[in-house]
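One structure is given here, and the rest of the page talks about it.
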């Protein structure tokens, strides 16, 4: 491969070099007919190395810039790419930061859909480059991904799948050879994550590929999940819940407690957001995450639950829930990933409820987080049909004991602070208990033993205490609870 410049009554200009963007040989044919003739001949002996060394020695950039422009702008054939990469590999020791433009040009080569020979040579070159000069790792990883057409049914075509395979093979090689690439990869994934109002396919494509990373780098699972859900909660709080629900035919009654957080539309002078598109993007992303979790926790052949994988996933996602989902105001959908994991095994459900209840009982935690925790308990226990009656009764028993203990402490005071904000956690726990009883009352009325259990909760004392929780709880919950408890009282009388 060689670059020869001859003058014939004129000077070299960029326009004379960059008029066309076809193959190197056709470029040579065109340029040879002009007064300024640039020839790019394949193959040749060590010409690339000579040009690079000359540039570093003399800082004369003409031949070097011509070489960079030709690599960057020509439509390279497979043979062109293989020959160029072969010569570049031979002089890889000198490809330092002073030759960044040349390295950038090589990174701009379209390689992922080429034949196996080109792909293998390119991957080998990149690994050797980063191994020799790890400061190139950042730009290599940032430029490694393509942009593809939209996928049908959320799945890549065979062509797109092969492109992804080539990319992930290279990433895996880099992570194995250069350990520092893990942090660079995480930073790059974080920085390049699509903004929430980007198209659904961009999010889908990005999410598909960062989940793919976990197949060969499971050690990154916690960081990747943390990143994904940090972005999904942004989609969630910007999704129009009210309009989404218009398309959902749900026969269940929905109390206002399910809507304790508002997602009213916010407009700014900087961004115009198609909120229906945001909702669709959230739906697609959550569907992909649900499928990933189901696949992660079940044997692909038998469909049996993999308990070890389930435990590991639960602990990773519990951290994400604690740090990302629980403190975020205005989420309505993302939290269902935890409910999905809980449905895999009752043991997981019990662990999650215990985790939330421990937060409710901890006075050192901010009241707003304690309130959110008890709201999640109520929503989970009331709505999830996989929560057994024994766990339902245990939850109500815990809440009732806590409420009566709180009431007893207040009754011991000469003067009770009437500020609702002081007792916000108390009112939230009361509302959670009323909500669960209202929603799951049918589980109790068929058995005298269960009716007696409800009576043992002493809910009458709760509603008649000095703090008067019915005055503060949401009206719809209060009305439903009053109607249900009236029926239960009749059942108690006629026993």
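In the numbering used here, the protein residues as written are 105 to 599.
All C-beta atoms in this analysis are idealised placements derived from N, C-alpha and C, irrespective of residue type, glycine included.
For the set 248, 277, 173, the Cα lying nearest the Cα of residue 310 is the one of 248. Per DSSP, residue 216 is not a residue of any alpha helix (DSSP H), being assigned neither H nor E.
Secondary structure of residue 437 (DSSP, three-state): coil. Residue 334 sits close to residue 428, with the two beta carbons spaced by under 9 Å. Looking at the DSSP output, residue 466 bridges to nothing.
With at least 16 other beta carbons inside 10 angstroms of its own, residue 170 counts as buried. Residue pairing from DSSP places residue 409 in a beta bridge opposite 402. At a Cβ-Cβ threshold of 9 Å, residue 514 and residue 480 do not count as neighbours. Between residue 241 and the set 572, 203, 288, the nearest pair of CA atoms involves 288.
Between the alpha carbons of residue 416 and residue 313 lies a gap of roughly 21 Å.
The Cβ atoms of residue 175 and residue 213 lie closer than 9 Å to each other.
The DSSP-derived three-state label of residue 322 is helix.
Just so you know, the alpha carbons of residue 199 and residue 302 end up roughly 36 Å apart.
Excluding sequence positions up to five before and after residue 542, its CB lies within less than 6 Å of the CB of 584, 585, 588, all in the same chain and listed in chain order.
Distance from residue 272 to residue 316 at the Cβ level is roughly 6 Å; contact confirmed, criterion being Cβ atoms closer than 8 Å.
Membership of residue 498 in the alpha helix (DSSP H) is indicated by the continuous run 493 to 515. The alpha-carbon of residue 246 is positioned some 17 Å away from that of residue 328. As the crow flies, the alpha-carbon of residue 412 is around 12 Å from that of residue 449. Counting C-beta atoms within 10 angstroms of its own C-beta, residue 209 has 16 or more neighbours from the protein chains shown and is therefore classed as buried. Measuring C-alpha to C-alpha distances from residue 285 to each of 265, 324, 270, 298 identifies 324 as the nearest. DSSP places residue 338 within a helical segment (H, G or I) once states are collapsed to three. Comparing C-alpha distances from residue 497 to each of 507, 508, 485 shows the shortest one belongs to 485. Counting along the chain, residue 343 sits inside no alpha helix (DSSP H), nor does DSSP assign it H or E at all. Taking residue 523 as reference, the option from 570, 502, 482 with the minimal CA-CA separation is 570. Sixteen is the threshold: when 16 or more other Cβ atoms of the shown chains lie within 10 Å of the Cβ of residue 300, as they do, the residue is buried. Here the alpha carbons of residue 280 and residue 305 stand approximately 30 Å from one another. Bounds of any alpha helix (DSSP H) do not take in residue 523, whose DSSP letter is neither H nor E. Under the Cβ criterion (8 Å, minimum of three pairs), the stretch 183 to 192 counts as touching the stretch 221 to 237. Per the coordinates, the alpha-carbon of residue 506 lies some 20 Å from the alpha-carbon of residue 581.
A distance below 9 Å separates the beta carbons of residue 477 and residue 430.
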